[in-house]
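Note sheet for the following structure.
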Amino acid sequence: MFKKLWEIIIAITAWIAIVFQAYLTNGSFGNLFSYFTILTNSLIAISITAILFLPQKSIGLFCKKPSVQTAIALYIFIVALVYNTVLRGILTLNGWNLFVDTLLHVVVPIQYIIYWFIFTQKGTLTYKQGLNWLYFPFAYLLYSLIRGAYYGWYPYPFLNVQQLGYTKVIINSV
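Counting in my numbering, the sequence shown runs from 443 upward without gaps.
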């Protein structure tokens, strides 16, 4: 019962954060969904919703896998770590923007990481799976660099090839 309640809380929080951020975005949705933060919070919202409402369907069963939950926990940990150590304070936010920013970078990460610690079975995880978890961040990096080169816009300052050059961006990304 506690697990289901925790899943409901996470799903509601993540969906509220994503929907409000989309509402508050005055720019392109292409730019909005170019943020690792938004993609990762979306993964959480979708996966937890699938577990809640489609537990015996292929998507629900997939999202219940410890390797999938661990990958998502890693991604949201990266979101929280990078934001709170590198990006916090770059923009001055207030009102709803600050509220949504806190949900995306602090609240949802804490909720999901607690969920992972308490409920995910970790005994079946392998090092090989750990290597597979790197595909998404690597694909995201490639997407960001290609899209940035085309549009001249990068979602994060540490990925801005125009200002930093490829060598520095690759070092930043590792």
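The beta carbon of each residue, even a glycine, is placed where N, CA and C say it ideally should be.
None of the values given here were measured: they were computed from a predicted structure.
Ile532 sits in coil when the DSSP states are folded into three classes, being neither helix nor strand. Each of Leu481, Thr482, Gln498, Gly502 was checked against the Cα of Thr491, and the nearest Cα belongs to Gly502. Here Gln553 really is in contact with Ile452; their C-beta atoms are around 5 angstroms apart, less than 8 angstroms.
Leu447 and Ser615 have their alpha carbons spaced roughly 36 angstroms apart. Phe541 sits in a helix when the DSSP states are folded into three classes. CA-CA distance, Tyr582 to Ser476, rounds to 8 angstroms. Within the model, the alpha-carbon separation for Asn574 versus Ala464 is close to 30 angstroms. Annotated as proximal: Pro597 and Phe478, with beta-carbon spacing under 9 angstroms. The segment 575 to 594 makes contact with the segment 503 to 521: 3 or more CB pairs, one atom from each, lie closer than 8 angstroms. Distances from the CA of Leu485 to each of Gly472, Tyr517, Val548, Tyr593 were compared; the closest alpha carbon is that of Tyr517. Note on Tyr593: under 16 other CB atoms within 10 angstroms of its CB, so exposed under the neighbour-count rule. At a Cβ-Cβ threshold of 9 angstroms, Leu587 and Val603 count as neighbours. A Cβ-Cβ separation of about 5 angstroms places Leu546 in contact with Ala459 under the 8 angstroms criterion. Excluding sequence positions up to five before and after Phe504, its CB lies within less than 7 angstroms of the CB of Val510, all in the same chain and listed in chain order. Boundaries for Trp595: no alpha helix (DSSP H) harbours it, and the DSSP string shows neither H nor E there. Straight through space, the alpha carbons of Thr562 and Val542 are spaced by roughly 27 angstroms. Residue Pro508 holds the alpha-carbon nearest to the alpha-carbon of Leu567 among Pro508, Glu449, Ser500, Pro497. Here Asn483 is buried: its Cβ has 16 or more other Cβ atoms, across all protein chains shown, within 10 Å.
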